[in-house]
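In order, the protein sequence lines correspond to chains A and B.
Going by the working numbering, the first residue of the first sequence is number 1, and it counts up by one from there.
Going by the working numbering, the first residue of the second sequence is number 1, and it counts up by one from there.
Working notes, structure below.
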Amino acid sequence: KQEVTQIPAALSVPEGENLVLNCSFTDSAIYNLQWFRQDPGKGLTSLLLIQSSQREQTSGRLNASLDKSSGRSTLYIAASQPGDSATYLCAVITNAGKSTFGDGTTLTVKP
Amino acid sequence: SAVISQKPSRDICQRGTSLTIQCQVDSQVTMMFWYRQQPGQSLTLIATANQGSEATYESGFVIDKFPISRPNLTFSTLTVSNMSPEDSSIYLCSVATDLPTYEQYFGPGTRLTVT
């Protein structure tokens, strides 16, 4: 059974800092991996999707990497802003389209 | 991408009653999923609801408790039956694009409180 772990569970940083969120998974036979953010009381917003054949994806200040063989993905956020404060979730996707989610990292960026 | 709406956005229900949650997508999609997010926890997949086939339930979830309909490619419902306080959660509908990405998009969720 696939298990997804996210470290750290919570992170508080001053504005402007670069930071890395970690996601690890136990079964490397994944199809794709997707990062989301969730604001309190809201649904999930897709940030980046990395296909299993890719090593990384970039969108603006966000960069996500994937190392299938070691069962790891990282989400790098450059020059963090208070508006980045949210819970970040990673999900590993099977070839049937089903996802297993980690517990998330709650990020607080202080002005 | 896909834009997903859910109704109701929140509800407070009595123990023993049932609630039906609606999920509407702005485009035709084959794969649709229902998730539960209990307070302070991550998402747990309840079932996969692909149009044209019976819903497939994950371990720990049964059709009698969570019946699902998928009448067409843009709509689905999830019913939470015979509710108890343990059913208090956020219920989220999501869709996945087709191959090769299976990228998922989520609705805003339905916040259910059972008293």
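Just so it is clear, CB atoms sit at the ideal spot from N, CA and C, and this is done for glycine as well.
Quantities reported herein were computed from a predicted structural model and do not represent experimental measurements.
So, for A/Thr-74: in the same chain, excluding its five sequence neighbours on each side, which residues have a beta-carbon less than 6 angstroms away from its beta-carbon? Val-20, Asn-22 and Ser-65
Rounding to the nearest angstrom, what Cα-Cα distance links B/Gly-52 and B/Ser-69 in this structure? 10 angstroms
Ignore the nearest five residues each way along the sequence and tell me which others in B/Val-29's own chain have a CB closer than 7 angstroms to its CB. Once the five neighbours on either side are set aside, the close Cβ partners of B/Val-29 are Ala-2, Leu-73 and Val-95.
Return the residues of the region 92-103 of chain B that lie within a Cβ-Cβ distance of less than 7 angstroms from chain A, sorted by chain order. Leu-92, Ala-96, Pro-100, Thr-101, Tyr-102 and Glu-103
I'd like to know whether the C-beta of A/Asp-84 is nearer than 7 angstroms to at least one C-beta of chain B. Interface with chain B (7 angstroms Cβ-Cβ cutoff): A/Asp-84 is excluded.
Per DSSP, what kind of secondary structure is A/Asp-39 in: helix, strand or coil? Secondary structure at A/Asp-39: coil, using DSSP grouped into helix, strand and coil.
Between the C-alpha atoms of B/Asn-82 and B/Pro-67, what's the straight-line distance to the nearest angstrom? 11 angstroms
So, for A/Ser-69: in the same chain, excluding its five sequence neighbours on each side, which residues have a beta-carbon less than 8 angstroms away from its beta-carbon? Ser-28
Could you say which of B/Asp-64, B/Tyr-35 and B/Thr-56 lies nearest to B/Cys-23 if we only look at CA atoms? Taking only the C-alpha atoms, the option nearest B/Cys-23 is B/Tyr-35.
Minimum Cβ-Cβ distance from A/Asn-22 to chain B less than 7 angstroms: no
Who are A/Ala-64's beta bridge partners in DSSP? A/Gln-57 and A/Leu-75
When the Cβ atoms of the region 42-57 of chain A are set against those of the region 9-18 of chain A, are three or more pairs found closer than 8 angstroms? no
Which value, in whole angstroms, describes the spacing of the CA atoms of A/Ser-46 and A/Gln-6? 17 angstroms
Per DSSP, which one or two residues make a beta bridge with B/Asn-72? Checking the DSSP bridge columns, you'll see B/Asn-72 partnered with B/Phe-75.
From which residue to which residue does the beta strand (DSSP E) around B/Asp-11 run? For B/Asp-11, the enclosing beta strand (DSSP E) starts and ends at 10-13.
Restricting to Cα atoms, I'd like to know which of B/Asp-64, B/Pro-39 and B/Cys-13 is closest to B/Ala-47. B/Asp-64
Can you grab the Cα-Cα spacing for the pair B/Asp-98 / B/Asp-87, in whole Å? 31 angstroms
Just confirm the distance between the C-beta atoms of B/Gln-37 and B/Ile-4, as a whole number of angstroms; I'd bet it's less than 8 angstroms. About 15 angstroms separates the two Cβ atoms, so there is no contact after all.
DSSP three-state label for A/Pro-82, please. Reduced to three states, the DSSP call for A/Pro-82 is helix.
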